[in-house]
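Take 1 as the starting number for the sequence shown in the numbering used here and just add one per residue.
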Amino acid sequence: MTGGEEDVSKIVSEVLELNPEMNQMFSPPEHDTDFLFLSSYHHGNQGDTCEKCDKEQLVTRNRRDTRAPFIHYGLIASGDQVMKDSDTRDRLAQRHGILCFEMEAAGLMDDLPTLVIRGICDYCDSHKQKEWQGYAALTAAAYAKVLVSVIPVCYMKFDSLKSNKVQHWVVSLARNPRFVGRQDEVTKLEELITIPDGPRRVAITGLGGIGKTQVALEVAHRIRDRDKECSVFWVPCISNEMIEQTFLNIAQILGLHDVKPVDVKEQTKIYLSSERAGKWLLIFDNADDTEMWVSANNAIPSLEDFLPQSDQGHILFTTRNGELAVDLTASNIIALPDVDKETASNILESLLLQKQLLDDPITTSTLLEQLAFLPLAIAQASAYINKKRLSLSAYLMLFQEKEQDSIELLSEDFRDPGRYKDIQNPVITTWLISFQQIQHQDQLAADYLSFMVCIDPRNIPQSLLPPQTCRKESLDALGLLNAYSFTNSQDLNISMHRLVHIATRNWLRKNGRFGYWIQRVAGRIDMAFPDDHHTNRRLWREYLPHALALVHDNEFVVQQEQYVNLIERIADCLDSDGRYHEAEVLYRTLMRINQERDGPEHTTTLTSMVNLASTYWNQGRWNETEKLDVQVMEARMAALGAEHPDTLTSMLNLSVTYRDQGRWNEAEEFGVQVMDRRKTVLGAEHPDTLDSMLNLALTYWNQGRWNEAEELGVQVMEASMAALGAEHPRTLTSMSNLAYTWESQGKSQDALSLMENCLELRRKVLGPTHPNTRSSYHAICEWRDKYSLSSSRTPSAALKYKSRNILSEFLPGSAAAVMASQSAREKLVNPFRTPGLSTAGLFIENHPFFTDSRIPLPTLEDRYLQEVD
């Protein structure tokens, strides 16, 4: 026992001896009145005492030693109410190292620097033990007497008291008890504001609704807690009127009573710039309006002219306008990124009343993704769910069902104590101010924004935007959109925030401008979108997501008859990329439009029918293909005659369909007719003639006439290489078909070598996920397994074509397994490439004999799966 504890016991004993009337209230009670129950056991309705409580729930009893109190030094928690919850007690004590809880000093602890001495008299749970309060108070008083007796006397001059700075607190928003995440940003801001010789101005930037105000509010409260001499002033920059009123309030609190309203900002600046103001933090929230802050007219002072400067003061701005943040603070900017998935989930959990709704992690994750992890959107959704008592899945279904439903949900107002009372809180309303500011600052930026909401919001090529004569104007406009965090530019592509995309579309509709912009965007894409020539593949793949977003928009559908050529080019490119189902939808649309506009026998209608038949063929829907092929052939024969190139193309298409149906004789009959007529009219080297020869070779192959198939196959491949080049899709088709023919003849090593060459070129020209590329890779794996062959780096002697083996680096890993899982019909490629003029590749690998007999690929290493989109 220390000397201090002995002194306390001595004082307690002396007081009780000298004051007998105090014994009843301040003497230590009997030991059996001391109960410490398990934290999980709560006091019921057994009366005021614990006599009827279950004693088996006791941790211990008779713990208190009345011979002398124990003295502890540490943290005492102060609150405005009695602590009665043992679970909360344990959690706070463990987190903060708390000795005890008290409430009497709650009104003083924020204003007076005090040392609190408490006598611990109960266990801060529901089992209150008032018997020990008197003794605890007496021991605390005794300790205070001992402590005072050993503190040295210190004389303080009265003038020093007057020099103490008073801490002022002018913040209109309460601290957010549900604030989660952003710890890195909050810590960085605290450091910038508190470090000696740090920056005097700092800005928080980010998209509206990202949480800038909440971060600034948390920083303000932390500064107040850690520095009792630092005043904090909060100015909402919602309007000029609100700014003026806030400065009047600040002036009154600072004691500037005789200041006229017109001079209040100047006088406040003078005071805060002086040494007598002490330390301060001045926060301007929602500093978004450039004209308000940086006036181009020197006759009208801007707000920047009234900013105080002091070695003891700091200014913090929150703004959506990144360009304004640079003007006000130079480079001292903290940009708030999107919150991560875990933080978004924590925000949702803190706001939902029904915590059990989070038991479905998949729905929770999907909802947060739909809300783009935006804190304001999460708060708005939570408020709606709480009010309507919805499940997360019900809200998610409503949000995803229609764009208009999403807009209505994002427009729903809600009460939020962390935001200004007189300001509407919905996400849509929040961004409306930004839209108007952008339009006022830079019309081209507003035009770009309107353009981009008519297409896919991700990876928008700058080359797709309306061209401008001045490159700088274009860069300035895109920079402004980036500054407001509406877009994010990477290299030459632009991505737009998903919810901003929805909100801007709504903005255009409300202003009656959406249909106009759909028309402008359609005109631009009609000019920019290429045809399906294989050399344009990279470009059309870049533009396709945006073209598809446009043509499927309801506003475009009502005027789609004006853009049949654009729709056809889009469908052709989809078909060339093996996206047959999507192409089918557009070809059906074109066929309907052409039938209604030009009639069922018109060339445009017949071309649409051929294109639609090609998608059926590529999907293995032979009967539907045959029906359309017959209609087109009969109509062309009647209108154009049997010798017309378009009629011959129709005959060839029908021959292909018969072959795929196993009707060999009919296929051969039509095939020979077309080949002979094309040789006569066009010549043996013409691409259309080569297509006819290739088709006939396939027919021979299906009948087991290998030598005839090989003879035609070699002719076609060599002629295609000479006329079109090794990388042309038709040449690659002929290489693939000849490889299959050699494999059927038992020339396995030659077949493997040729297919490896074909695979390398298809990967380069078509890409690794194209159906034809997958087909070649599938064949190579099967042949290796079937014949125990190794990769061949030496091409077949039958070809004087050099290449290198690329299987060691192309599509390794479980990409092979992905390919193997594809339907056999997905290995087909459109045979009707230029309807009415010629046919393109006719692939032997489409035939059921081959696709159905192939064995599954071996499963390779999973790490390569990511290489396949």
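Glycine is no exception: its CB is placed at the ideal position from the N, C-alpha and C atoms.
inquiry  = Could you check whether residue 247 and residue 268 sit closer than 7 Å to each other, using their CB atoms as the reference points?
reply    = Residue 247 is positioned such that its CB atom lies closer than 7 Å to that of residue 268.
key: Collapsed DSSP secondary structure at residue 118 in the structure displayed   = Coil at residue 118, not helix or strand.
message = With three or more beta-carbon pairs closer than 8 Å as the criterion, would you say the stretch 611-618 touches the stretch 580-595?
response = At 8 Å Cβ cutoff, the stretches touch.
query = Helix, strand or coil for residue 493 per DSSP?
reply = Strand.
message = Is it buried or exposed, residue 6, if we count other Cβ atoms within 10 angstroms and call 16 or more buried?
response = Residue 6 is exposed by the Cβ-count criterion.
ask   = Can the beta-carbon of residue 883 be found less than 7 Å from the beta-carbon of residue 244?
value = Limits of the chain in this structure are 1 at one end and 869 at the other, which puts residue 883 out of reach.
Backbone CA spacing between residue 77 and residue 206 [nearest angstrom] = About 36 Å.
message = Suppose contacts are defined by Cβ-Cβ distances below 7 Å. Is residue 594 in contact with residue 608 by that definition?
response = Yes, the pair counts as a contact, with Cβ atoms nearer than the cut-off.
ask   = How is the beta strand (DSSP E) around residue 313 delimited, first residue to last?
value = Counted as a single uninterrupted DSSP element, the beta strand (DSSP E) harbouring residue 313 occupies residues 313-319.
inquiry  = For residue 395 and residue 487, I'd like the C-alpha separation in whole angstroms.
reply    = Each residue's Cα considered, the two are about 27 Å apart.
ask   = In terms of residues, what are the limits of the beta strand (DSSP E) holding residue 102?
value = Start and end: 98-102.
query = How would you call residue 208, buried or exposed, if buried means at least 16 neighbouring beta carbons within 10 angstroms?
reply = Its Cβ being crowded by 16 or more others within 10 Å, residue 208 is buried.
ask   = From residue 811 to residue 769, what does the alpha carbon distance come to, in whole angstroms?
value = Here the model assigns residue 811 a pLDDT of 29, short of 50, so the residue's position is not dependable, and the following value carries that caveat. Taking the straight line joining both Cα atoms gives about 9 Å.
key: Rounded straight-line distance, which links the Cα of residue 646 to that of residue 572   = About 18 Å.
ask   = Just checking my contact of residue 656 with residue 702 at CB under 8 Å: how many whole Å lie between their CB atoms?
value = In fact, because the Cβ distance is near 11 Å, the residues do not count as touching under 8 Å.
query = Who pairs with residue 488 in a beta bridge, going by DSSP?
reply = DSSP lists 495 as the beta-bridge partner residues of residue 488.
request  = Pull up the distance between the alpha-carbon of residue 719 and that of residue 686, whole angstroms please.
outcome  = Distance between the alpha carbons of residue 719 and residue 686: 9 Å.
task = Quick one: residues in its chain with C-beta nearer than 8 Å to the C-beta of residue 478, no 5 flanking neighbours on either side, listed in chain order?
result = The residues are 445, 448, 462, 487, 489, 494.
request  = Look at the alpha carbon of residue 875 and the alpha carbon of residue 442, and state the distance between them as a whole number of angstroms.
outcome  = Given that the chain is displayed from residue 1 to residue 869, the structure contains no residue 875 and the question cannot be resolved.
query = If you measure from the CB of residue 323, is any heavy atom of the ligand MN nearer than 6 Å?
reply = In the structure shown, the ligand MN is absent, as is every other ligand, since no ligand is present at all.
query = Is the beta carbon of residue 338 less than 7 Å from the beta carbon of residue 373?
reply = Result yes, Cβ atoms of residue 338 and residue 373 sit closer than 7 Å.
task = Run through the stretch 617-643 for me and flag every whole alpha helix (DSSP H) of 4 or more residues, listed as ranges in chain order.
result = As far as the stretch 617-643 is concerned, its whole alpha helix (DSSP H) runs of at least 4 residues are 622-640.
query = Can you give the Cα-Cα distance for residue 378 and residue 178, rounded to whole angstroms?
reply = Looking at the two C-alpha atoms, the distance is approximately 13 Å.
request  = Can you give me the start and stop residues for the beta strand (DSSP E) that residue 279 sits inside?
outcome  = From DSSP, the beta strand (DSSP E) with residue 279 extends over 279-285.
ask   = residue 201 lies in the alpha helix (DSSP H); which residues open and close that run?
value = Per DSSP, residue 201 lies in no alpha helix (DSSP H); the unbroken beta strand (DSSP E) holding it starts and ends at 201-205.
query = Any idea if residue 591 is buried or exposed, counting beta-carbon neighbours within 10 angstroms, 16 or more meaning buried?
reply = In summary, residue 591 is buried, with 16 or more beta-carbon neighbours lying within 10 Å of its beta-carbon over all protein chains present.
ask   = Considering only residues of the same chain and omitting the five flanking positions on each side of residue 216, which have a CB-CB separation below 7 Å?
value = Same-chain partners within the cutoff: 204, 283, 285, 316, 318.
ask   = What span of residues does the alpha helix (DSSP H) with residue 368 cover, start to end?
value = Following the DSSP letters along the chain, one finds residue 368 inside the alpha helix (DSSP H) bounded by residues 361-370.
inquiry  = For residue 223 and residue 194, I'd like the C-alpha separation in whole angstroms.
reply    = Distance between the alpha carbons of residue 223 and residue 194: 8 Å.
task = Can you give me the start and stop residues for the beta strand (DSSP E) that residue 77 sits inside?
result = Start and end: 75-78.
message = Does residue 50 come out as helix, strand or coil in the three-state DSSP assignment?
response = Coil.
Buried or exposed (CB count within 10 angstroms, at least 16 for buried), residue 176 = Burial is judged here by how many other beta carbons sit within 10 angstroms of a residue's own beta carbon; residue 176 has at least 16 and is buried.
task = Please look up how many angstroms separate the CB atoms of residue 871 and residue 534, rounded, as I've assumed it's under 8 Å.
result = This structure gives no information on residue 871, because the portion of the chain shown stretches from 1 to 869.
inquiry  = Measuring straight from C-alpha to C-alpha, what distance separates residue 20 and residue 226?
reply    = About 46 Å.
request  = Taking residue 550 as the reference, give the member of 529, 518, 542 with the closest Cα.
outcome  = Among 529, 518, 542, the Cα nearest to that of residue 550 belongs to 518.
ask   = Do the stretch 505-520 and the stretch 537-547 meet, that is, are 3 or more Cβ pairs less than 8 Å apart?
value = Contact between the stretch 505-520 and the stretch 537-547 is not established, with fewer than three Cβ pairs separated by less than 8 Å.
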